[in-house]
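Engineer: Have a look at this one.
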């Protein structure tokens, strides 16, 4: 179960992105598994992919790879957990999407996060302090 | 017409097969499942990989960048730069 971060999504949908080659290299290896995405990551991706053509690519990527929503039933509880996580890491100035991925990784232990953000290796941890399993080497 | 698969068995496996048959176990579904599992294990990843590459090539071919599309001026991994870009966009929208 692969939980997508913003960096690979943007890289796939923008051939000029500096990480496009990395994402295209990693995608075939990961494509056998089920992909999941959360709303904060989609929000970030839509900001970075501002042109309608780029967003159309994003829509097609979501549809073609049957990317599922990582939504949870108790969303308010998730938000509160994310706020707690943000407070814990406040000196590192994390984003809402970072916190959401970390908390979701703690709730669904089978998730492996696909990201090119090194803070998932160096800094971010699950709420219980354990490492966040990653889908690729960064 | 369905293909038929003949498999040579040594005496030990032949005894096992006979015991399974006596127990009422049908062997054909077991063999089919084993073939499918091995096919998926050995070739499934390659097929999924090829399909993924083909999907992305099709997406790029069908949605080319329009002429003059400006390249992003910041690295998406750089949260500070991304935040500055968001603030610029908000200011531009309000102005």
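Chains as they are written, first to last, in my numbering: chain A, 379 to 516; chain B, 2 to 96. Using N, Cα and C, we set each Cβ at its ideal position, and we do this for glycine too.
1. Based on the DSSP secondary-structure assignment, which residues constitute the bridge partners of residue 518 (chain A)?
2. Mark residue 385 (chain A) as exposed unless 16 or more other C-beta atoms lie within 10 angstroms of its C-beta, in which case mark it buried.
3. Whole angstroms is fine: what's the gap from residue 427 (chain A)'s alpha carbon to residue 435 (chain A)'s?
4. Can you give me the Cβ contacts of residue 464 (chain A) inside the same chain, cut-off strictly under 7 Å, excluding the 5 residues immediately before and after it?
5. I'd like to know whether the C-beta atoms of residue 406 (chain A) and residue 54 (chain B) end up nearer to each other than 8 Å.
6. Can you tell me where the beta strand (DSSP E) holding residue 415 (chain A) begins and where it ends?
7. Under 7 Å: does the beta carbon of residue 515 (chain A) sit that close to some heavy atom of the ligand NAD?
8. Quick check on the DSSP output: what are the complete alpha helix (DSSP H) runs of length 4 or more inside the stretch 44–83 of chain B, in order along the chain?
9. Does DSSP put residue 447 (chain A) in a helix, in a strand, or in coil?
10. Could you tell me whether the stretch 64–71 of chain B touches the stretch 415–432 of chain A, using the rule of 3 or more Cβ pairs below 8 Å?
Structural biologist: The short version:
1. Only positions 379 to 516 of chain A appear in the structure, and residue 518 (chain A) is not among them; the question remains open.
2. On the first chain, residue 385 (chain A) is found 7 positions in, with the first residue counted as 1. The C-beta of residue 385 (chain A) has 16 or more other C-beta atoms within 10 Å across all chains shown, which makes the residue buried.
3. Counting from 1 along the first chain, the entry for residue 427 (chain A) is found at position 49. Counting from 1 along the first chain, the entry for residue 435 (chain A) is found at position 57. Whole-angstrom Cα-Cα distance: 9 Å.
4. For the purposes of this step, residue 464 (chain A) is taken as residue 86 along the first chain, with counting starting at 1. Within its own chain, the residues whose Cβ lies closer than 7 Å to the Cβ of residue 464 (chain A), once the five positions on either side in sequence are excluded, are 472 and 477, listed in chain order.
5. Your numbering for residue 406 (chain A) matches position 28 in the first chain. Your numbering for residue 54 (chain B) matches position 53 in the second chain. Yes, they are a contact pair.
6. The sequence position of residue 415 (chain A) within the first chain is 37, counting from 1. Residue 415 (chain A) -> beta strand (DSSP E) spans 413–415.
7. What this structure holds is no ligand at all, so the ligand NAD is not there to describe.
8. Counting whole runs of 4 or more residues, the stretch 44–83 of chain B contains the alpha helix (DSSP H) stretches 46–63.
9. On the first chain, residue 447 (chain A) is found 69 positions in, with the first residue counted as 1. DSSP, reduced to helix, strand and coil, places residue 447 (chain A) within a strand of the structure shown.
10. Yes: the two stretches touch, three or more of their Cβ pairs being nearer than 8 Å.
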